[in-house]
Amino acid sequence: MQGCQDSTGKWIKVEFHEIATLSKKKFNPQKQTMDEPCIELEHIEKETGRLLGTISSAGQLSTKNTFRIGDVLFGKLRPNLRKYINCDFSGVCSSEIWVLNAQKQTYSSFLFYLIQQEKFIRSACITSGSKMPRADWSVVSEVPFPLPPLPEQKAIADLLFTWDEAIKKTERLIHAKERSLNAYGRDLFDRRNDGNYDGWKVLKLKSVLTEHGDKSTGLEEVYSVSVHKGLINQVEHLGRSFSAANTDNYNRVHFGDIVYTKSPTGDFPLGIVKQSYTENDVIVSPLYGVFTPKTFNLGIVLDFYFSSSMRARNYLFPIVQKGAKNTIAITNKTFLSNTLHLPVDEQAQKEVAEFVFAAREEIGLLKQLAEQYKTQKRGLMQKMLTGEWRVKSEIINQYMEA
């Protein structure tokens, strides 16, 4: 980009150490009495540039790095996690975090976006250490980057900040919608009135779910079950198929069926229960239980019930036996043997199902919007931080006059 010039000024190509320097200021909590906010790697959300919290420096044992307002932090340990912060306060941080000081020719917010570029991340991932990979300053500092004049840097940073704000506001709305849906679930299922309200009863699951026993015909795709995605193509989800060479004994899943995985996963140590929304029949491991609900809407209600790790545990814990190696021992018959408080009236089922479906659809659309904003931001960064797209001169002039 060196020599790229128009009426708004020159872009120059410089090595990264000419854009930012690595701060050497240290903080020893054993010797200094001042209490400072302390940022550890776990306090930085990956890929978003958001701070999740801080701790007090008082009582810390290890030496920390010192940062000031306007510095940019980058997690050098496992740099592929993309942990970075644009500091709006002063404090201390883990020695596993680089403190980058913007040089005089660099606007700190522009630096914050520059280190989010794929080019920077790739250079940071040329690491030392195999078990605990760390970015190597001697490598990163010599990587060349195009650098525009300060007014254009500010214009670019402000433009990208607009996208960050759109992403942040959309994700806040997603979290609010999810909290509202979770509260609805607690109100539905956690009430303690023994089922004494219209259209609901306490009943055994075997009275509303039937194991149909259908097996593979050889034409169906092999699916897995995900906590967040439900039933999903195994290759798409896991990158390859883990199915046996012969899948004749695999269980067939019809649209609307309920599937119980019987395998521990994250917050669901006793297994996942999901409804299938795939239009075509699919097959799953013969270890999974597959059941048809009395009505499709009741299937949505059951899927919603088991979407909560706490509710899933409450139902499964009394009937599941866990082996020495964390294996789950439960038959399909036993899975159906416990009781739940459920809507038996079809109108009551419909009301719950429609509310849950509408809420999930809205959340899904908002998540798509957030992903679109992120994709747009990545595209803008690729174009604007390299000089391929330039900010209009009349906009840059406003920054020159400010």
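Each step along the sequence shown adds one to the number in this note's numbering, with nothing skipped, and position 89 is 261.
Every residue, glycine too, gets a C-beta built ideally from N, C-alpha and C.
Bear in mind that the values here come from a model prediction, so they are computed numbers and not experimental data.
7 angstroms Cβ cutoff met for V244 and L283: The Cβ atoms of V244 and L283 sit closer than 7 angstroms to each other.
Report the CB separation of Y460 from N405 in whole angstroms; it is logged as a contact under 8 angstroms. The pair is not a contact, with the Cβ atoms about 15 angstroms apart (cut-off 8 angstroms).
G367 in three-state terms, based on DSSP: At G367 the pLDDT is 48, less than 50, meaning the model places this residue with poor confidence; the figure from the coordinates comes in the next sentence. Here G367 sits in coil by DSSP.
Applying the criterion that 16 or more other CB atoms from any shown protein chain within 10 Å of the CB defines a buried residue, is P251 buried or exposed? buried
Give me, in chain order, the residues of the same chain whose beta-carbon lies closer than 6 angstroms to that of T278; leave out the 5 immediate sequence neighbours on both sides. I191
Report yes if the C-beta of Y487 is less than 6 angstroms from at least one heavy atom of the ligand SAM; otherwise report no. In terms of ligand content, the structure shown is empty, and the ligand SAM therefore cannot be addressed.
Taking only beta-carbon atoms, is S435 less than 7 angstroms away from chain C? No chain C is present in this structure, which holds just one protein chain.
Once you ignore the five residues that flank P209 on each side, which residues in its own chain have a CB closer than 6 angstroms to its CB? T226 and G263
Can you tell me the Cα-Cα spacing of L495 and L442, whole angstroms? Per the sequence presented here, residue 495 reads as Gly, with Leu not at that position. Going from the Cα of G495 to the Cα of L442 covers about 11 angstroms.
Using CA atoms only, rank isn't needed, just tell me which of F333, A542, L474 and K549 is closest to L345. A542
Is it buried or exposed, R351, if we count other Cβ atoms within 10 angstroms and call 16 or more buried? exposed
Report the residue from D386, T464, T450 and E314 whose alpha carbon sits nearest the alpha carbon of V379. For the record, residue 379 in the displayed sequence is Ser; it is not Val. Answer by Cα proximity: T464.
Taking the alpha-carbon of K546 as reference, which of A338, V473, Q202 and L557 has the nearest alpha-carbon? The residue with the shortest Cα to Cα distance from K546 is A338.
CA-to-CA distance, A355 to Y477, given in whole angstroms: 12 angstroms
Considering only the alpha carbon of each residue, which of K303, S228, D362 and I444 lies closest to S398? I444
Where do the N-terminal and C-terminal ends of the alpha helix (DSSP H) with S509 fall, by residue? It is not in any alpha helix (DSSP H) - S509 carries neither H nor E in the DSSP assignment.
In the DSSP output, what is F527 paired with across the bridge? Per DSSP, none; premise fails for F527.
Distance between L253 and F199 (C-alpha atoms, nearest Å): Computed Cα separation, rounded: 25 angstroms.
Just to confirm the assignment, what range does the alpha helix (DSSP H) spanning Y356 have? Residues L322 to F361.
Have a look at K401 and A230 and give me their C-alpha separation to the nearest angstrom. 43 angstroms
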